[in-house]
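Beneath this line is the structure, given in structure tokens, with notes to follow.
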């Protein structure tokens with residue numbers, strides 16, 4: 001099919017930028033291990049309270065793993081357990097979270113810690129907390145009439 | 001050719017610059033016009049009620065206003081999303097399609113048209129059923145109706161009827177198109193009708209996903225025939241449909257840009273072949289991309305998420321082709337009118353013609369809209385904005401500005417064309433005022449949504465201070481800005497509805513043109529491969545199988561205990 005000369009340039013330029021962009025996104029994902037949550041861990045969502053580690057929600061210091069802390073969190077309509085999380089700045093943290101009922105969100109506002117929590121699945125995300133401050137954890141998926149009342153707090157301390 | 005095109009004389013209209021003083025115009029058959037108009041009534045009633053709900057939402061989120069009479073925020077939000085996201089768009093698209101095929105292929109046969117009325121009636125019954133359930137507070141599940149929040153089964157059945165009705169309308173349009181092909185063997189099909197068929201094909205293949213989740217999962221589960229359903233499967237099927245849904249809204253706008261706008265400015269279509277190729281690329285890249293809405297979800301492997309991200313991004317190619325074609329048309333026309341310099345042609349565009357101005361604003365809004373879309377689909381970057389109000393800001397640029405302003409621009413000629421009235425200078429000015437108000441309101445509202453979203457403010461949430469959180473306090477000034485923008489937008493809706501009412505019932509009788517441009521001389525001949533639906537159908541199915549087979553197999557084999565329904569959480 002005939003293409004106008006300028007259109008050829010335009011499409012070549014556009015497609016080239018697209019390919020560069022996808023390579024950057026792909027390489028940072030694979031080499032920088034910046035994949036979003038892709039956990040395949042399944043759980044009986046009706047028995048969450050009795051299944052480890054969710055029988056003991058909270059912040060746990062761990063040894064011998066690639067991360068320093070594990071944050072275990074249980075969401076249910078309309079609250080998070082625990083209500084407050086405190087972690088020293090600079091730690092590498094694994095967030096492990098699930099829901100006891102409907103779909104909830106788990107977002108540390110203003111950061112890229114953001115996962116869907118779906119019944120029957122455990123969501124996981126590893127990151128380094130590198131900024132001191134108090135961050136609000138919000139439920140960002142509509143979960144019913146009390147949805148906007150659902151929050152927790154992440155305190156990153158010196 | 002058995003086409004009942006009436007040739008009518010039309011006298012000088014407000015667009016005298018672009019029309020000859022007297023000219024014969026092709027008209028949509030009167031009976032077909034009634035069917036198309038029926039869709040417009042529903043679409044614009046939806047605009048009014050949906051817009052009113054939008055106003056209530058921004059007021060609630062400002063923290064200065066509470067809903068009276070026990071009306072719930074999420075009930076209002078469900079009405080807003082269902083009416084504007086599903087009803088306005090689907091009815092407008094199907095009404096526009098109906099008229100477009102009649103205009104370019106010729107009038108429907110009586111039996112085809114009967115089919116169309118059946119489809120329209122089923123869509124309207126479905127809409128009414130779903131609306132009643134929402135009003136009774138039996139279905140405050142938002143327009144994405146994610147399980148395991150559980151609505152009344154009649155709500156899901158209503159949605160299913162809307163889909164089934166739209167299939168019957170697509171069948172009517174397809175039958176008329178096939179008839180044209182039989183009667184004009186070997187000829188290139190009318191571009192506008194070809195585009196309608198592509199959009200219907202995409203819609204039909206995509207809605208199979210929505211129909212599957214509604215018919216096989218949600219309805220049996222909400223009636224109580226089955227106790228539990230697979231949540232991740234339901235979401236994956238929903239998004240198999242969900243992204244194509246937004247292209248289904250967008251493509252009628254593209255039809256207006258490619259086919260009607262060149263005629264309105266007095267120019268020609270830059271290339272018939274490139275226009276068709278762009279539509280085929282949209283078709284192929286619309287469905288095997290839905291998982292980019294599920295990037296932060298568990299249970300789906302990174303590889304398949306990234307593959308669908310890649311397929312999503314390739315929509316950049318038809319988008320760039322479209323931008324090139326449109327601006328080439330503008331420039332060619334401007335130079336024809338004697339423009340000098342690199343950008344001189346810009347001045348010669350008909351800025352005071354609402355049929356051009358509103359769609360043009362829509363095109364401009366698609367630049368930041370598309371850029372934001374790239375952010376959304378960008379794998380890791382998605383985590384910063386997923387389910388924040390940034391996303392709401394994004395689709396208020398794409399759907400609620402690009403698409404809707406183009407629909408308005410089209411309605412300004414389509415409705416008087418169908419009713420046999422005229423778009424007068426006065427109504428034209430009123431329409432321009434509406435368009436400018438819309439733009440101002442949207443810049444404020446969508447801008448504030450984008451910024452607050454970057455700070456982490458969630459979407460789909462009523463006013464909350466999150467226990468006095470400092471971060472949430474920062475979001476509130478942006479929520480007040482959203483209320484200001486949203487109020488201006490509601491005023492714009494009232495002005496636009498004033499225009500529509502005039503065009504439906506009060507404007508002076510006359511003939512308004514249904515603009516369909518010709519292809520520019522010297523444009524390349526259209527290769528027949530572009531008309532071969534079998535080839536593109538096979539490619540589409542292959543892409544869908546590649547993108548979805550393994551993820552769905554994984555979901556089925558790795559599935560946890562299914563979910564029971566939670567009707568009480570939505571106040572049932």
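Protein chains in written order, with the UniProt record's numbering: chain A, 1 to 158; chain B, 1 to 572. From the three backbone atoms N, C-alpha and C, an ideal C-beta is built for every residue, glycine too.
Cutoff 7 Å; reference residue 254 of chain B; Cβ partners in own chain excluding five residues on either side: A distance below 7 Å between beta-carbons, with the five flanking residues on each side excluded, links residue 254 of chain B to the following residues of its chain, in chain order: 322.
If we count the other Cβ atoms within 10 Å of its Cβ and call it buried at 16 or more, is residue 25 of chain A buried or exposed? When all chains shown are included, residue 25 of chain A counts as buried.
Nonlocal neighbours in the same chain, by C-beta distance under 7 Å from residue 405 of chain B, ignoring five residues either side: These residues qualify, in order along the chain: 358, 359, 361, 362, 435, 438.
Check the C-beta distance from residue 317 of chain B over to residue 281 of chain B and give it rounded, since I have them as a contact under 8 Å. Contact between residue 317 of chain B and residue 281 of chain B is confirmed by a C-beta separation of about 6 Å, below the 8 Å threshold.
Tell me whether the beta-carbon of residue 148 of chain A lies closer than 7 Å to the beta-carbon of residue 461 of chain B. Yes; because the gap between Cβ atoms is below 7 Å, this pair is in contact.
Limits of the beta strand (DSSP E) - the one that residue 136 of chain A falls within: Start and end: 133-138.
As a quick exercise: from B/138, B/221, B/100, pick the residue whose alpha carbon is nearest that of residue 76 of chain B. For the options B/138, B/221, B/100, the alpha carbon positioned closest to that of residue 76 of chain B is the one of B/138.
Using the Cα positions of residue 532 of chain B and residue 130 of chain B, report the straight-line distance between them to the nearest angstrom. The straight-line gap from Cα to Cα measures roughly 38 Å.
Output needed in chain order: residues of the region 63-92 of chain A with a Cβ under 8 Å from some Cβ in chain B. Listed in sequence order: 77.
Under the DSSP definition of a beta bridge, which residues are partnered with residue 58 of chain A? Note: residue 58 of chain A sits in a beta bridge opposite A/72.
With a cut-off of 7 Å, does the C-beta of residue 480 of chain B fall near any C-beta of chain A? No Cβ of chain A is located within less than 7 Å of the beta carbon of residue 480 of chain B.
Ordered along the chain, which non-local residues of its own chain (more than five positions away) have a Cβ less than 8 Å from that of residue 14 of chain B? With a pLDDT of only 41 at residue 14 of chain B, under 50, the local geometry of the prediction cannot be trusted, and no value is derived from it.
Candidates B/84, B/46, B/39, B/108: which alpha carbon is nearest residue 175 of chain B's? Put simply, of B/84, B/46, B/39, B/108 the residue whose alpha carbon is nearest the alpha carbon of residue 175 of chain B is B/108.
Report all residues from its chain with a CB closer than 7 Å to the CB of residue 239 of chain B; omit the five preceding and five following residues, and keep chain order. Result list for residue 239 of chain B: 290, 291, 293, 294, in chain order.
Could you list the residues in the region 14-29 of chain A with a C-beta less than 8 Å from some C-beta on chain B, going in chain order? If the cut-off is 8 Å between Cβ atoms, the region 14-29 of chain A has 14, 15, 18, 21, 22, 25, 26, 28, 29 near chain B.
Check the DSSP bridge columns for residue 421 of chain B and list the partner residues they point to. BP columns for residue 421 of chain B point to B/509.
Going by DSSP in three states, residue 124 of chain A sits in which element: helix, strand or coil? Assigned with DSSP and collapsed to three states, residue 124 of chain A falls in strand.
For residue 85 of chain A versus residue 93 of chain A, is the C-beta spacing smaller than 7 Å? Not closer than 7 Å, so no.
Where residue 535 of chain B sits in the DSSP three-state scheme: Three-state result, residue 535 of chain B: helix.
Assess, as a yes-or-no matter, whether the region 107-122 of chain B is touched by the region 272-279 of chain B under the definition of 3 or more beta carbon pairs within less than 8 Å. Judged by Cβ distances under 8 Å, the region 272-279 of chain B makes no contact with the region 107-122 of chain B, as fewer than three pairs qualify.
Just curious, the beta strand (DSSP E) that residue 482 of chain B is in, first and last residue? The continuous stretches of beta strand (DSSP E) do not include residue 482 of chain B, which lies in the alpha helix (DSSP H) extending over residues 470-501.
Which word fits residue 262 of chain B, buried or exposed, when buried means at least 16 other C-beta atoms lie within 10 angstroms of its C-beta? Buried is the call here.
Is there a Cβ of chain A sitting closer than 7 Å to that of residue 213 of chain B, yes or no? Not one chain A Cβ lies under 7 Å of residue 213 of chain B.
Residue 104 of chain A: first and last residue of the uninterrupted beta strand (DSSP E) it sits in: Where residue 104 of chain A is concerned, the enclosing beta strand (DSSP E) stretches over 104-108.
Give the DSSP-derived three-state secondary structure of residue 114 of chain A in the structure shown. Correct three-state label for residue 114 of chain A: strand.
Could you tell me whether the region 67-82 of chain A touches the region 27-47 of chain A, where touching means 3 or more Cβ pairs closer than 8 Å? Contact fails: fewer than three Cβ-Cβ distances are below 8 Å.
What first and last residue would you give for the beta strand (DSSP E) that runs through residue 84 of chain A? Bounds of the beta strand (DSSP E) holding residue 84 of chain A are 84-88.
Per DSSP, cross-strand counterpart(s) of residue 575 of chain B: With chain B running from 1 to 572 in the structure shown, residue 575 of chain B is simply not present.
Cutoff 7 Å: residue 310 of chain B Cβ touching any chain A Cβ: At a cut-off of 7 Å between beta carbons, residue 310 of chain B contacts chain A.
Contact belief for residue 543 of chain B with residue 288 of chain B at Cβ below 8 Å, rounded distance in angstroms: Confirmed, Cβ separation roughly 4 Å.
Which same chain residues end up closer than 8 Å to residue 561 of chain B when comparing Cβ atoms and leaving out the 5 residues on each side of it in sequence? Excluding residues within five positions, the ones whose Cβ falls inside 8 Å are 228.
If I follow the unbroken alpha helix (DSSP H) through residue 316 of chain B, where does it start and stop? Taken as a continuous stretch (DSSP letters only), the alpha helix (DSSP H) holding residue 316 of chain B covers 316-336.
Using the beta-carbon count (16 or more within 10 Å), is residue 268 of chain B buried or exposed? With 16 or more Cβ atoms within 10 Å of its Cβ, residue 268 of chain B is classed as buried.
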